[in-house]
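Residue numbers (the working numbering): 6 to 323.
Below, the structure written as structure tokens:
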């Protein structure tokens, strides 16, 4: 018997609760579906299913075998999709949701290149910092920052989100550079008012002890780009991601505060509703994001030397 078909019948029997239902999925007779599972058990010399006249139930061995079998079948399906992708064309409308600041600062160039390479795709981008239900809003893929706890979605890491505190040289000249976390409690802090991830304004010393900087903020705003403008103008010390402040740190317009202390690192992820039947337009777009950003995204890289050139790399050309 074909082993892959036998795995499929076994998984279907578990999911459907009977050999008859699994047989219908594969166009087999119930007796033949049962033979596929019996053949697996005979080869393993282990019972996977307890059978009664009313129901099927997994044994302890069967539970572990079911989980691995499902992974194998999903990987096989994904391999087939990837192989067929090279012969297909992405098309249709791609609806993308992203945080306001990240989307405005970093998605424009990626989407522009994607549109150039995929002339039969149009993109609609929804920027907002509120949580959006993907299915209710009709979103194909969302960019989310932080550690997600939602088993109903599939995620793919596309970049790290490194956090830091920084201020303008003018502010530090006027008020002095904080040397300890305690000094920050007396500083003029510029705070993002809608932070939802744990670790906001928390730093760790060389012994990995956490120091939480609390108390009132001199300025609170629900948009990090506004905090960036205020920090550049010398209003205080801002806390936020390097994808907002990195360019200005490299240029010397901002200076990192407490650089010897570690901050919490978050994750920038692409999120979509299901691992199965992901449209080609979505998979290609997520590939572009992962290629454009990666473990060392542009905002964390040192400035290029004059005269150097960059070679454009797209997922299709790797």
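Note that CB positions come from ideal geometry on N, CA and C, so glycine has one too.
Which residues DSSP lists as bridging residue i, in chain order
i           : result
residue 127 : 98
residue 148 : 275
residue 194 : 242
residue 103 : 132
Spatial neighbours of residue i in its chain, beta-carbon cut-off 6 Å, leaving aside the 5 residues before and after
i           : result
residue 298 : 163 and 164
residue 105 : 132 and 134
residue 51  : 66
Bounding residues of the beta strand (DSSP E) (the contiguous stretch that carries residue i)
i           : result
residue 277 : 271-277
residue 260 : 260-262
residue 165 : 159-166
residue 185 : From DSSP, residue 185 is part of no beta strand (DSSP E); its letter is neither H nor E.
residue 137 : Taken as a continuous stretch (DSSP letters only), residue 137 belongs to no beta strand (DSSP E), as it is neither H nor E.
residue 214 : Premise fails: residue 214 is in no beta strand (DSSP E) and is neither H nor E.
residue 207 : 207-209
Proximity of residue i and residue j at Cβ, strictly below 8 Å
i           : j           : result
residue 241 : residue 194 : yes
residue 324 : residue 78  : There is simply no residue 324 to check, as the chain begins at 6 and stops at 323 in what is shown.
residue 294 : residue 115 : yes
residue 2   : residue 75  : Because the chain here runs from 6 to 323, residue 2 falls outside it and cannot be looked at.
residue 173 : residue 108 : no
residue 232 : residue 197 : yes
residue 145 : residue 284 : yes
residue 98  : residue 112 : no
residue 236 : residue 166 : no
residue 73  : residue 22  : no
residue 102 : residue 142 : yes
residue 274 : residue 161 : yes
residue 14  : residue 38  : yes
residue 287 : residue 149 : no
residue 62  : residue 54  : yes
Proximal residues to residue i (C-beta, below 8 Å), its chain only, five neighbours per side dropped
i           : result
residue 266 : 186, 208, 209, 210 and 216
residue 7   : none
residue 278 : 139, 140, 157, 158 and 159
residue 260 : 171, 172, 173, 174, 177, 182 and 254
The alpha helix (DSSP H) enclosing residue i, as first and last residue numbers
i           : result
residue 61  : Note, residue 61: premise wrong, no alpha helix (DSSP H); beta strand (DSSP E) at 61-63.
residue 285 : 285-297
residue 116 : 113-122
residue 9   : 8-21
residue 27  : 24-31
7 Å CB neighbourhood of residue i in its chain, flanking five on each side removed
i           : result
residue 94  : 125
residue 183 : 189, 192, 262 and 263
residue 25  : 35
residue 305 : 167, 247 and 251
residue 220 : 190
Can you list the beta strand (DSSP E) stretches of 3 or more residues lying completely in the segment 217-254, in chain order? 224-226 and 242-246
Of all the alpha helix (DSSP H) runs that stay within the bounds of the segment 43-80, which reach a length of 4 or more residues? none
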